[in-house]
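Visitor:
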Amino acid sequence: MFPMTFLASPANPLRLWSQVARIAIESQMVIGIRMAGMMGVVAQSPGEPFRMIGEKQAAASESLFAFAQAAGRGASPDRVISAALRPYGKRTRANSRRLTHQR
Numbered sequence: 188m189f190p191m192t193f194l195a196s197p198a199n200p201l202r203l204w205s206q207v208a209r210i211a212i213e214s215q216m217v218i219g220i221r222m223a224g225m226m227g228v229v230a231q232s233p234g235e236p237f238r239m240i241g242e243k244q245a246a247a248s249e250s251l252f253a254f255a256q257a258a259g260r261g262a263s264p265d266r267v268i269s270a271a272l273r274p275y276g277k278r279t280r281a282n283s284r285r286l287t288h289q290r
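Mapping of the sequence shown onto our numbering: residues 188 to 290, in sequence order.
(1) Would the region 271-288 count as touching the region 245-263 if we require 3 or more Cβ pairs under 8 Å?
(2) Does the distance from the C-beta atom of Ser269 to that of Gln206 stay below 9 Å?
(3) Beta-carbon of Gln256 versus every beta-carbon of chain C: anything under 9 Å?
(4) With C-beta atoms as the reference, is Arg221 less than 9 Å away from Glu235?
(5) Using CA atoms only, rank isn't needed, just tell me which of Pro264, Phe254 and Met239 is closest to Ala271.
(6) Does the beta-carbon of Arg266 have 16 or more other beta-carbons within 10 angstroms, so that it is buried, or is it exposed?
(7) For Arg221, which of helix, strand or coil comes out of DSSP?
Below, the structure is given as structure tokens:
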């Protein structure tokens with residue numbers, strides 16, 4: 188028998204879906220703005236290409252750590268996935284805000 192932590196509420200898949208949808212929308216916006224910057228359509232800081240690479244490495248390591256931590260605590264599968272996605276969501280939200288900031 189599974190422990191009580193594995194009993195998920197009906198709203199948990201919806202929360203996970205909304206988290207994935209937000210990350211997808213924000214990441215597509217960031218990709219579009221960065222591509223426009225690479226083509227010279229919009230102004231872009233010189234270090235932006237290096238920032239793209241560095242932030243992915245940091246998010247991947249944070250995601251793996253959060254995944255292992257949540258799984259080790261015995262969290263439900265949807266909470267483990269949500270914990271693993273959280274570092275990516277944090278990065279996409281910060282990038283979309285930073286890149287769309289009016290100067």
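Ideal Cβ positions, reconstructed from N, Cα and C, are used throughout, including at glycine.
Guide: Taking the geometry as given:
(1) Yes, since at least three Cβ pairs between the region 271-288 and the region 245-263 fall closer than 8 Å, the two stretches touch.
(2) Within the sequence shown, the letter at position 82 stands for residue 269. Within the sequence shown, the letter at position 19 stands for residue 206. Yes, the Cβ-Cβ distance between Ser269 and Gln206 is below 9 Å.
(3) Among the protein chains of the structure shown there is no chain C, as only one such chain exists.
(4) Along the sequence shown, one-based indexing puts residue 221 at 34. Along the sequence shown, one-based indexing puts residue 235 at 48. Result yes, Cβ atoms of Arg221 and Glu235 sit closer than 9 Å.
(5) Translated into positions along the sequence shown, residue 271 becomes position 84. For Ala271, the closest alpha carbon among the candidates Pro264, Phe254 and Met239 is that of Phe254.
(6) The residue you call residue 266 lines up with position 79 of the sequence shown. Result: buried.
(7) As a first step, residue 221 must be located in the sequence shown, where it is residue number 34. Of the three classes helix, strand and coil, the one that applies to Arg221 here is helix, per DSSP.
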